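**Student:** This is the structure I have questions about; it appears just below.
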Amino acid sequence: MNQKFRYLTVFCGSSPGTDPSFKSSCHELANVLTSQNIGLVYGGGKVGLMGVLADAVLKLGGEVIGVIPQKLLDWEVGHRGITKLHVVDTMHERKALMADLSDGFIALPGGIGTLEEIIEVFTWLQLGYHHKPCAFLDVNGYFKNLFHFFDDMLRHEFLKSKNRDSLIVASKAPALLEKMRAFSIE
Numbered sequence: 001m002n003q004k005f006r007y008l009t010v011f012c013g014s015s016p017g018t019d020p021s022f023k024s025s026c027h028e029l030a031n032v033l034t035s036q037n038i039g040l041v042y043g044g045g046k047v048g049l050m051g052v053l054a055d056a057v058l059k060l061g062g063e064v065i066g067v068i069p070q071k072l073l074d075w076e077v078g079h080r081g082i083t084k085l086h087v088v089d090t091m092h093e094r095k096a097l098m099a100d101l102s103d104g105f106i107a108l109p110g111g112i113g114t115l116e117e118i119i120e121v122f123t124w125l126q127l128g129y130h131h132k133p134c135a136f137l138d139v140n141g142y143f144k145n146l147f148h149f150f151d152d153m154l155r156h157e158f159l160k161s162k163n164r165d166s167l168i169v170a171s172k173a174p175a176l177l178e179k180m181r182a183f184s185i186e
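Numbering follows my numbering, with no gaps: position 37 of the sequence shown is 37.
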């Protein structure tokens, strides 16, 4: 199967992190998205890796759709220079709208919010609420301990191998998108 993506949701940090490769991975992903005419859906922030990614996509002429709760917009972290900014009331509404707008999901390095968002859509995939690829751009092995934890879940029979195998992982954006295009649920 070779999927066509109109929009991909990217979950990533509201902080830039400590590794300069995190920022460069945002630029690499922006290049891949815009070169393939794929729009970005993200959390709507102007700070951290979220802001780096949104600005990189915009600079390359791509479309950027943000979804942000009013509370975060009030904290002045919303990006007002993007293509479209949806303002919602709650985090639940934010995640639901991002999922509805998107053809797949990518996690870049980030904190507990990033982890919660990608795990939620991975859970939805496992339960059959969607059939969209869930992927990790594993920059410099950032997610390696999480993957070890998934393997422990598998070993203890809390995660099925078909679900573990459905997670897409790559360290470079071009390879990640290629794997996402080949994704299919069996």
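All residues carry an ideal CB built from backbone N, CA and C; glycine is no exception. Just so you know, these numbers come straight off a predicted model, no measurement behind them.
Thinking C-alpha only, which one of Ala56, Gly61, Gly51, Arg155 is nearest Val77?
**Tutor:** When only C-alpha atoms are compared, the closest one is Gly51.
**Student:** Using the Cβ count rule (16 or more neighbours within 10 Å means buried), how would you classify Ser35?
**Tutor:** Looking at its Cβ environment, which holds fewer than 16 other Cβ atoms inside 10 Å, Ser35 is exposed.
**Student:** Given 8 Å as the limit, is there contact between the region 36 to 48 and the region 62 to 73, that is, 3 or more CB pairs closer than that?
**Tutor:** Yes: at least three Cβ pairs fall under 8 Å.
**Student:** Taking all protein chains shown into account, do 16 or more other C-beta atoms lie within 10 angstroms of the C-beta of Asp74, making it buried, or fewer, making it exposed?
**Tutor:** When all chains shown are included, Asp74 counts as exposed.
**Student:** Tell me which same chain residues have a C-beta within less than 6 Å of the C-beta of Phe183, skipping the five on either side of it?
**Tutor:** Around Phe183: Pro133.
**Student:** Grouping DSSP H, G and I as helix and E and B as strand, with all else coil, what is Ile168?
**Tutor:** Residue state, collapsed to three classes: strand.
**Student:** Suppose you measure from the CA of Leu10 to the CA of Leu154; what does that come to, to the nearest Å?
**Tutor:** For clarity, residue 10 is Val in the given sequence; the question names Leu instead. Val10 and Leu154: Cα-Cα distance of roughly 26 Å.
**Student:** On the CB-based measure, 16 or more other CB atoms within 10 Å of its CB, does Arg80 come out buried or exposed?
**Tutor:** Label assigned to Arg80: exposed.
**Student:** Do you know offhand how far Gly141's Cα is from Gly48's?
**Tutor:** Distance between the alpha carbons of Gly141 and Gly48 is about 19 Å.
**Student:** Ignoring anything shorter than 4 residues, give me the alpha helix (DSSP H) runs that lie fully in the region 23 to 91, in order along the chain.
**Tutor:** Qualifying alpha helix (DSSP H) stretches, in chain order: 48 to 59, 70 to 74.
**Student:** For Leu72 versus Leu53, is the C-beta spacing smaller than 8 Å?
**Tutor:** No, Cβ-Cβ distance for Leu72 and Leu53 is not below 8 Å.
**Student:** Who pairs with Val10 in a beta bridge, going by DSSP?
**Tutor:** Bridge partners of Val10: Ile106.
**Student:** Mind pulling the beta strand (DSSP E) runs of 3 or more residues that sit fully within the region 120 to 157?
**Tutor:** Counting whole runs of 3 or more residues, the region 120 to 157 contains the beta strand (DSSP E) stretches 134 to 137.
**Student:** What's the gap between the Cα of Gln3 and the Cα of Asp103?
**Tutor:** Cα to Cα, Gln3 sits roughly 9 Å from Asp103.
**Student:** Which same chain residues, not among the five before or five after Phe5, have their C-beta less than 7 Å away from its C-beta?
**Tutor:** These residues qualify, in order along the chain: Ile38, Asp103, Gly104.
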